[in-house]
Every structure is written in C-alpha cells, then in structure tokens.
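**Q** Residue 6 is where the sequence shown starts when you use the working numbering, and the numbers rise one by one after that. Pasting a structure below so you can have a look.
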Amino acid sequence: MAHIVIMGAGIGGTPLAYEMQEKIGNGHKVTLISESENFHFVPSNPWVGVKWRDRRDIEFPIRPYLEKKGIVFISGGVKRVHPEQNRLELNDGQSVDYDFLVIATGPKLAFDEIEGLGPHGGYTQSICHVDHAMKSQDAWESFVQNPGPIVVGAVQGASCFGPAYEYAFIMETDLRRRKIRDRVPMTFVTSEPYIGHLGLGGVGDSKGMLESAMRERHIKWICNAKVTKIEAGKMFVTEFDDMGKEKTTHELPFAYSMMLPAFKGVDAVFGIEGLTNPRGFILIDEHQRNPKYKNIYSVGVCVAIPPVEKTPVPIGTPKTGYMIESMVTATAHNIYAELNGLAPTSKATWNAVCLADFGDSGIAFVAIPQIPPRNVNWFSEGKWVHFAKVAFEKYFIRKLKKGSCEPIYEEVVMKAIGVDKLK
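Here it is, written out as structure tokens:
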C-alpha cells in the first residue's frame, strides 16, 4: 500500500485529495495535512475586506468532508520536509512518512521585505488570507467613519495582481454606495510596467479597458513602482521609467492602504537544494514532478514559474484557478500511473483564466497559452462577471462539501469564449 501525502488544504490541495482518493480507491492511503482545521475560499477575501462577506460565509471545517471520503486529515502543519528520508516533520514533533508527496502549500507572504508593510506590525492591510481580510474589515469600518486618501496595489515582486485590482474597484463601489466617494482620493500603486499587464504581458485589451475603468472611477495610478518603506499614514514610492532608470519619487499619504506582498516559498521547504529555487518555490518538470526528488510533485502558487518577461521593476507570474485545476488533474493522473508501474505522461494546461469582480461589474480574461504568442487572447468586461464570480464561489464551496473533484474552469471558459476545447 502506497501512502500519498498532500501538504496544503487550499484550492489546489483539497480538490487533489478528493481526485487522488477517487482514482486509487481503497488500495492506497491519502493523507492531507493543513495548518488549520478550516478551508477558506481565498478568491472571496476582497469581499470580506469591505464586509460584503463574513468569515462564516467562506470558511468551514474541512475534516468531516475529507474523512467521509476516507481521506486522513492532519491539522497543525509541517515544520520541515526531509526529502532524503521521505519524511515530514510536523509542528507538533510527530513524523509522517510518505511514498509520494504533493506540495500544495501556497506561498509565504513576504511582508518582511519592505519596512512597514503588512498587517502584522506594519501599516497596510492584506486580503491574502481570511485572517487578514477580517482585520482589513475592521480597519475599513473605522476608515469609513473618518475617510481620507486610499493607496492600494501590489509591491515589487508580487505575482498575483488580480486581487489588487478587484479590491480597488470593490472599495470604490462601496464608497459610492455609502455616498462618501467624493471624500476619498484613490491611488493605485503597482510594480507592473503598465496597467493591465497582470504579470502576463497583458491579455487582449486589458491595458485599455482597465485604464478606462480607472479613469471612469477617478482612480489615479503609478506603474513601475517600487515601494521603499511605509510609515503610519505615508507610503514612500520610487517610480522608474521603461528603461529601469529612476524617474521620480512619491510620498503618498493614506488613511487606508492595502498592498499585496511578494511571495516566497514556505519555511518547511525553503533552502532545500534541488527541491526549490532561491525564492523557495518548488522546481518541477512538465509532469509537475521535482527533477531531483521524483516522488515529490507540486501544484499551485508554490510552483516555480519564471516571469513572462523582464520588467523595469521585478514582478512574478500569476497562477490562476484554471491553471491550478489543470495541475491538480495532471498530478493525480501521473501518481496513479506510477502506482501502476507506468511513467507519468500527463501535463498541465498552463493557460490563464481569471474572473475579477469590480463590485457592480467585473472583467474576465483568458490567455491560451499563458505566455505570448497565444492562440486565444480574450478579455471582456461587464456585469455578468460579478454574477459569475458570486455563482462560482457558491459552486466551489458546495463542491468541496460534497467531496467532488469535478473540474469546472474549463467548462465555464469554453462556454464564455465559444470554443469546443482549450488547447
């Protein structure tokens, strides 16, 4: 009997546990290890930050649903991976041996790389985790009682820009509904070379559409921006030109700020030679398998993917939901193949798909493949995106409670863009 262990119970690890268990039946053992007893739906965090959702709307205990499917669940987290020994050292001192390991932890949030950044001892909010989003919610409730300037965006090294745009527009919508928008100057600060780059070199007319949406909503922006430090109520930003030369500096006052941090690999894997790159992301081949430790696979945000292109200020490449779903399926198929004495052959479809809510409308984009030139370069805006994201949130949570591993992104995208198959 083989033991397949999955580190991380997020939007990659949890569906993988279900899919793996479904494929192997009762002949092998699947264990899912998380730092928490709860699953929370990360894409809804921007709504939590302005109190459009509460914690209980997007978070629930995952153990009973996993155990109902015969999956072993361990909460408490992994302190260190010992790949030479095929062993995990847990935070409580126990050890778990594995035959196959899948690392699906997501990232470590690198707030410490910029002085004053983040909700833990810093001066900015975060929506990267439900705990952060709840803290942001409290700060937002105080802010709207005494409004002032907002600075929102993503710092240098960030790789997931969609939530920054979402949160900016959601805040703007909430302020209009409260009839205090006229009292709140808003500035979007991003390490992207231009609005709508998204870490993908742009998708369709993302630049024009997002710039237009910001102008319409009176949101100013600064691109090629490096945040040097943050103090109480003030952000220091250096703006670079397209050649990477310093252009100007800004001291931006704020009464409320949310800045997405750069990502790193989690402590449990950081610095393991052959397993991770210098930032701690997991090195994989075309089959999601680590080249050195061939019984270790990885899916999701913790996977090492090089930037799409060189930019004046460093940025990363996003891993969208459809890409993660595709990684999960490929990994399940490949481990199943190895259990049956076959070589892994399945490959993830590294396409980028995103639904970004604006509060009362939204944008959707599809990039196939993710890195240009592309076969599909599709971008759309409209109220339908807002309703589609609400529906997707409810569907995904219901799916996990049912213990289903049914893929959804590809079907949704095929209908949206009118194709029979994504390639």
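Glycine included, every Cβ here is placed at the ideal spot set by N, Cα and C.
What's the C-alpha gap between residue 243 and residue 160?
**A** Straight-line Cα distance between these residues: approximately 11 Å.
**Q** Looking only at DSSP bridge pairs, what is residue 8 linked to?
**A** 34
**Q** Going by Cα to Cα distance, which pick from 135, 162 and 89 is closest to residue 103?
**A** 89
**Q** Suppose the cutoff is 7 Å on Cβ atoms and the five residues either side in sequence are ignored; what does the same chain contact list for residue 288 look like?
**A** Taken in chain order, the residues that qualify are 280, 281, 282, 295, 296 and 309.
**Q** Counting Cβ pairs, one atom from each stretch, are 3 or more of them under 8 Å apart for the segment 349 to 369 and the segment 29 to 38?
**A** Not touching, per the Cβ criterion.
**Q** Please classify residue 264 as buried or exposed, where buried requires at least 16 neighbouring CB atoms within 10 angstroms.
**A** buried
**Q** Run through DSSP, which three-state label would residue 367 get?
**A** strand
**Q** Find out if the Cβ-Cβ distance for the pair residue 199, residue 228 is shorter than 8 Å.
**A** yes
**Q** Name the one or two DSSP bridge partners that residue 225 has.
**A** 192
**Q** By alpha-carbon positions, which one of 66, 330 and 220 ends up nearest to residue 191?
**A** 220
**Q** Ignore the nearest five residues each way along the sequence and tell me which others in residue 139's own chain have a CB closer than 8 Å to its CB.
**A** 53 and 60
**Q** Just to check my reading of the structure: residue 71 and residue 144 have Cβ atoms closer than 8 Å, yes? What is that Cβ distance to the nearest angstrom?
**A** In fact, because the Cβ distance is near 34 Å, the residues do not count as touching under 8 Å.
**Q** Nearest to residue 317 by CA position, among 372, 300 and 245, is which residue?
**A** 245
**Q** Under a three-way DSSP split, which group does residue 209 fall into?
**A** Of the three classes helix, strand and coil, the one that applies to residue 209 here is coil, per DSSP.
**Q** For residue 109, which of helix, strand or coil comes out of DSSP?
**A** DSSP places residue 109 in coil when its eight states are reduced to three.
**Q** Measuring only the C-alpha atoms, how far is residue 299 from residue 338?
**A** 15 Å
**Q** Since residue 77 sits in a beta bridge, which residues does DSSP pair it with?
**A** 36
**Q** Taking DSSP's pairing of strands, which residues face residue 268 in a bridge?
**A** 114.
**Q** Let me know the secondary structure DSSP gives residue 382 once reduced to three states.
**A** strand
**Q** Could you please give me the residues that DSSP links to residue 306 through a beta bridge?
**A** According to DSSP, which records beta bridges pairwise, residue 306 is partnered with nothing at all.
**Q** So, are the CB atoms of residue 335 and residue 353 less than 8 Å apart?
**A** yes
**Q** Can you tell me whether DSSP reads residue 300 as helix, strand or coil?
**A** coil
**Q** Candidates 154, 391, 328 and 311: which alpha carbon is nearest residue 322's?
**A** 311
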